[in-house]
Amino acid sequence: MRRVAWRSVRAHAKQFFLTTFAVMLGVAFLSGTLALRASMSETFSKLTSSTITSDLYVQGPKLAGSGDDSSSKSLLTQPIDSSLTEQIKQIDGVEAANPGVQMVGVLVGSNNAPVTTTGAPTLFIPLYDNEKGLTWVQGHKPQGAGEITLESGALKNSGLKVGDKTHIVVQGSPTEVTVVGEFHYESSMASATVVGVDPSWLMPIAAPNGKVSNISVDVAQGASVETVKSEITKILPDGAQVQPRAEVIKEQNKTIEEQLGFVQVFLLVFVVVAMFVGSFIIMNSFAMSVRQRVKEFALLRAVGASPASVFGVVFLQAVVIGVVGSALGVAAGAGLLAGLSALLDAAGMPLLEGTGLSGTIIAISLAVGLAVTVVGALLPAREAALTHPVEAMRGVSGSREKSLVLRTILGGLLLAAGVAAIAAAWVNADLSQRGLIMGLGAGGTVLGLLIVSPTLARPVVAVLGLPFRLLRPAGRLAVRNIVHNPRRTANTSGALMVGMALVCAGATLAASFQSSTSDEIDKSLKADLVVQPATIGSLSTRLSADKAKEIAAIDGVKETSSYSIYTDSVTKPDGSQNAAATVIVVDPGTYSTAYDVSASAGSMKDLDATHVAAKKDEGLKLGDKVSVTGPTGSVEATVSAVVDPKGTGGNYYISPELAAAVGSWNSPSTSTDPAHVLDSPQGMLLTLKEGTDLDTVRNKARDIVADTYQYAVRDANEISDQVGQQINQMLAVLYGLLGLSIAIAILGIVNTLVLSVSERTREIGLMRAVGLGKAQLAGEIITESVLTSLYGTVLGGATGVVLAAALKEVLEDRGLTSLSIPWGQMVGMLVLSVVVGVIAALWPALRASRIPVLDAIATE
Numbered sequence: 001m002r003r004v005a006w007r008s009v010r011a012h013a014k015q016f017f018l019t020t021f022a023v024m025l026g027v028a029f030l031s032g033t034l035a036l037r038a039s040m041s042e043t044f045s046k047l048t049s050s051t052i053t054s055d056l057y058v059q060g061p062k063l064a065g066s067g068d069d070s071s072s073k074s075l076l077t078q079p080i081d082s083s084l085t086e087q088i089k090q091i092d093g094v095e096a097a098n099p100g101v102q103m104v105g106v107l108v109g110s111n112n113a114p115v116t117t118t119g120a121p122t123l124f125i126p127l128y129d130n131e132k133g134l135t136w137v138q139g140h141k142p143q144g145a146g147e148i149t150l151e152s153g154a155l156k157n158s159g160l161k162v163g164d165k166t167h168i169v170v171q172g173s174p175t176e177v178t179v180v181g182e183f184h185y186e187s188s189m190a191s192a193t194v195v196g197v198d199p200s201w202l203m204p205i206a207a208p209n210g211k212v213s214n215i216s217v218d219v220a221q222g223a224s225v226e227t228v229k230s231e232i233t234k235i236l237p238d239g240a241q242v243q244p245r246a247e248v249i250k251e252q253n254k255t256i257e258e259q260l261g262f263v264q265v266f267l268l269v270f271v272v273v274a275m276f277v278g279s280f281i282i283m284n285s286f287a288m289s290v291r292q293r294v295k296e297f298a299l300l301r302a303v304g305a306s307p308a309s310v311f312g313v314v315f316l317q318a319v320v321i322g323v324v325g326s327a328l329g330v331a332a333g334a335g336l337l338a339g340l341s342a343l344l345d346a347a348g349m350p351l352l353e354g355t356g357l358s359g360t361i362i363a364i365s366l367a368v369g370l371a372v373t374v375v376g377a378l379l380p381a382r383e384a385a386l387t388h389p390v391e392a393m394r395g396v397s398g399s400r401e402k403s404l405v406l407r408t409i410l411g412g413l414l415l416a417a418g419v420a421a422i423a424a425a426w427v428n429a430d431l432s433q434r435g436l437i438m439g440l441g442a443g444g445t446v447l448g449l450l451i452v453s454p455t456l457a458r459p460v461v462a463v464l465g466l467p468f469r470l471l472r473p474a475g476r477l478a479v480r481n482i483v484h485n486p487r488r489t490a491n492t493s494g495a496l497m498v499g500m501a502l503v504c505a506g507a508t509l510a511a512s513f514q515s516s517t518s519d520e521i522d523k524s525l526k527a528d529l530v531v532q533p534a535t536i537g538s539l540s541t542r543l544s545a546d547k548a549k550e551i552a553a554i555d556g557v558k559e560t561s562s563y564s565i566y567t568d569s570v571t572k573p574d575g576s577q578n579a580a581a582t583v584i585v586v587d588p589g590t591y592s593t594a595y596d597v598s599a600s601a602g603s604m605k606d607l608d609a610t611h612v613a614a615k616k617d618e619g620l621k622l623g624d625k626v627s628v629t630g631p632t633g634s635v636e637a638t639v640s641a642v643v644d645p646k647g648t649g650g651n652y653y654i655s656p657e658l659a660a661a662v663g664s665w666n667s668p669s670t671s672t673d674p675a676h677v678l679d680s681p682q683g684m685l686l687t688l689k690e691g692t693d694l695d696t697v698r699n700k701a702r703d704i705v706a707d708t709y710q711y712a713v714r715d716a717n718e719i720s721d722q723v724g725q726q727i728n729q730m731l732a733v734l735y736g737l738l739g740l741s742i743a744i745a746i747l748g749i750v751n752t753l754v755l756s757v758s759e760r761t762r763e764i765g766l767m768r769a770v771g772l773g774k775a776q777l778a779g780e781i782i783t784e785s786v787l788t789s790l791y792g793t794v795l796g797g798a799t800g801v802v803l804a805a806a807l808k809e810v811l812e813d814r815g816l817t818s819l820s821i822p823w824g825q826m827v828g829m830l831v832l833s834v835v836v837g838v839i840a841a842l843w844p845a846l847r848a849s850r851i852p853v854l855d856a857i858a859t860e
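Residue numbers (the UniProt record's numbering): 1 to 860.
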């Protein structure tokens, strides 16, 4: 039977070409994703090893709850007093000790624009005299505020040269500087722009209170690291710790792996979708092949082959296709990764090291590709095994369509269960595990639709085909053929349905988020203008105090309300802790008049050194006690207001007095003087005097912040547009990741039509013999393809919109308050499905029109 299977594969190689190609695409996506994660992991591992070079690192005490399983160690370790540096230097065996600080800012390139590399930060780091881990290429170390040195990647991306003058922006203050040197690390900097500066200039800016993230210690040659560590421990305050280099690197790599793991899971979701979609092509290809070869299998049974032997023939065919497709997929995955690496390198973002294709990844990819192929072929193989020998006596090879009654009942039950789960989560906001129930309901609904799809195909296609019936005879023939083969139509369009359901759900959710955000801004923003970071969501950007004063002094500005966004640890009365809570520092006297946070209890004006406002989602009530902890202290505060900003804003709101007491993990340079906490704010809300021209004030404010390269001045409409742009960018990523699934779905249509042409060779010959022209035949096949695409798109689009509407109810407390269906995009999807149908049918239509009439009629 092995010979029979191999001969059958060679004899039907053309039929299985697209099936092999579909397996290859899915495995390429899988192996490429796994290799991408491995390669990025290797890159960041080398980065930590090349930048963490000292023998020991002194860190402050850990906060409560920051155990070894924490993924936010950098947020959960208190800063340490830099004055310990001098004491550490006096210990025998210490060669050098340096406080660890860095700042995020802006480097202006040769084109007079900020140097950016797809969201990666520009880091300003101190370069000490005894710096390890870097190599000097040219020039010298910076001295004073007017000099900087650039890492080789930053120098290349900026277009600058050693000796050039440019500007940097740190803490919102522009400074003119000269590039005096170039250095590089052993590893690439993962697209970050690294700027080296004089420590004496950076320290007062990054650590005005003398608090630093760590102190690095280099041990002298010949001295014992353990002995030095023990001596340092003796002079440290309670809770402070000394960690050896290997332990720090291990912790950093663990955190990076957790973050990369999230990215991998996100990508693997789309891999699963692509493989799931690809399984439709595999199953459909084998099912149609088995139906065409009923006589062949019957002859095998007639000459003594057992059902198990016939099953083995189809099974071995699937194994061959799975192995070949998977091997090609692994090779294609390596090619995709190499291409991505080259593109990133060309764009100045060297994020990938090595090939990433380990033996484990290759084995997993081959195993998954083979398993998907074999599983997809099991039902067709079973059908082949049950072929009766008497089928060999029939004049025409083929098989009758089985009844859809049982399939419809089972699919209907699953569909009903899915819809019931969605409905339960939709209407019951207090339902435990609401999101999980909604997800299970969505999965059940999609699977149920796929199962009952053949039953739905007849009435839906009959309606969709009404306009095509006017195209005689091609239109009528196409509609009748599709309705006559509902199982094939459903299997072919199923892949497209899944892809379109996800696309339409994503588009509807994106439009709804944009509409909800716009409504909330219109409702809540009372100020006329907002001065905010150009990239919404940036937590480390600050305006300089001078800039803030200039803006407040603009003629026509009635009142300003400054705010800053902190990241602090908040512990609730039940002991639960949010180690990275978003805490907004506001002026209690002015903020509520500039922005309505919808206080449902208490008042924002009651905020002071021991009172906070909590977002309604936190589940707190007036009088509850919370512990707010930051890098400079911890305060037990009372909830004096409960607010409901509808998805915008932070978890908590605090006063400058409380902010001065705790500080912020994301901005350690904040002032500890309550009177100056908001001198350098993250943003400002401007309320104008009556009769003041808004454009005039906006232009003046923009002129003031222009040289910061980090700030924008926007009104409500412009903020909504900016949020919309960010949503559209995320949507573009979604479309890109789903693009492979759509491509595989298109291949499925092409594959089905090609196999259909082969299956209907005699029918095509008879139609041509009685006068059907080549163009009419091509039109009939193209119409079949268009109707199949439309059916999958309509069913998938409707499913996606319904799922998005249900998710809107679940996500309402996160700011998704209104449902907006992007009708323009929906129409675009229908038009795209027609185009897809036409393109998919071109090759099969051309192939059918070239079949000689006499040969077709003579076909048995």
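Glycine included, C-beta positions come from ideal geometry on N, C-alpha and C. A quick note: this is a predicted structure, and the numbers were derived from the prediction, not measured.
- Our two residues, residue 685 and residue 584, have alpha carbons roughly 14 Å apart in a direct line.
- Note on residue 823: under 16 other CB atoms within 10 angstroms of its CB, so exposed under the neighbour-count rule.
- Per DSSP, reduced to three states, the secondary structure at residue 301 is helical.
- By the Cβ criterion, the stretch 177-189 is in contact with the stretch 32-46, since at least three pairs of Cβ atoms, one from each stretch, lie closer than 8 Å.
- Taken through DSSP and simplified to helix, strand or coil, residue 133 comes out as coil.
- Where residue 180 is concerned, there is no enclosing alpha helix (DSSP H), although the beta strand (DSSP E) around it starts and stops at 173-185.
- Taking 4 residues as the shortest admissible run, the stretch 77-111 contains the following complete alpha helix (DSSP H) segments, listed from N- to C-terminal end: 84-89.
- The bridge partners DSSP lists for residue 812 come to none.
- Its Cα nearest to that of residue 92, the residue 227 stands out among 616, 85, 267 and 227.
- DSSP, read as helix, strand or coil, puts residue 204 in helix.
- Residue 162 is not a Cβ neighbour of residue 177, given a cutoff of 9 Å.
- Counting the other CB atoms within 10 Å of its CB gives residue 409 a total below 16, which places it among the exposed residues.
- With a contact defined as Cβ atoms closer than 8 Å, residue 543 and residue 711 qualify at about 7 Å.
- In the pairwise beta carbon analysis, the stretch 489-509 is classified as not touching the stretch 295-305: fewer than three pairs are separated by under 8 Å.
- By the neighbour-count definition (other C-beta atoms within 10 Å, threshold 16), residue 110 is an exposed residue.
- Leaving aside the five residues that flank residue 792 on each side, the residues in its chain whose CB is nearer than 6 Å to its CB run, in chain order, 493, 496 and 497.
- At the C-beta level, residue 561 and residue 594 come within 9 Å of one another.
- The DSSP assignment places no complete run of the beta strand (DSSP E) inside the stretch 439-517 (cut-off: 3 residues).
- In the structure shown, residue 676 falls within a helical segment according to DSSP collapsed to helix, strand and coil.
- Residue range 557-571 is occupied by the beta strand (DSSP E) that includes residue 560.
- Under the 8 Å Cβ criterion, the stretch 226-240 counts as touching the stretch 51-65, having at least three qualifying pairs.
- For the pair residue 413 and residue 844, the Cα-to-Cα distance works out to about 37 Å.
- As the crow flies, the alpha-carbon of residue 818 is around 15 Å from that of residue 645.
- In this structure, residue 194 places its C-beta atom within 9 Å of the C-beta atom of residue 154.
- No Cβ-Cβ contact shorter than 9 Å links residue 149 with residue 159.
- In this chain, the beta strand (DSSP E) harbouring residue 627 covers 625-630.
- When DSSP states are grouped into helix, strand and coil, residue 729 belongs to the helix group.
- By DSSP's assignment, residue 214 forms a beta bridge with 100.
- The beta-bridge partner set that DSSP reports for residue 286 is empty.
- The alpha helix (DSSP H) runs of length 4 or more contained entirely in the UniProt domain "ABC3 transporter permease C-terminal" (737-852) are, from start to end of the chain, 761-769, 774-810 and 823-849.
- Under the three-state reduction of DSSP output, residue 519 falls in the helix class.
- Membership of residue 643 in the beta strand (DSSP E) is indicated by the continuous run 633-643.
- The residue among 425, 656 and 305 with its C-alpha nearest the C-alpha of residue 807 is 425.
- By a beta-carbon distance limit of 8 Å, residue 841 contacts residue 782. Their separation comes to about 4 Å.
- For residue 760, the closest alpha carbon among the candidates 101, 288 and 38 is that of 288.
- Secondary structure at residue 166: strand, using DSSP grouped into helix, strand and coil.
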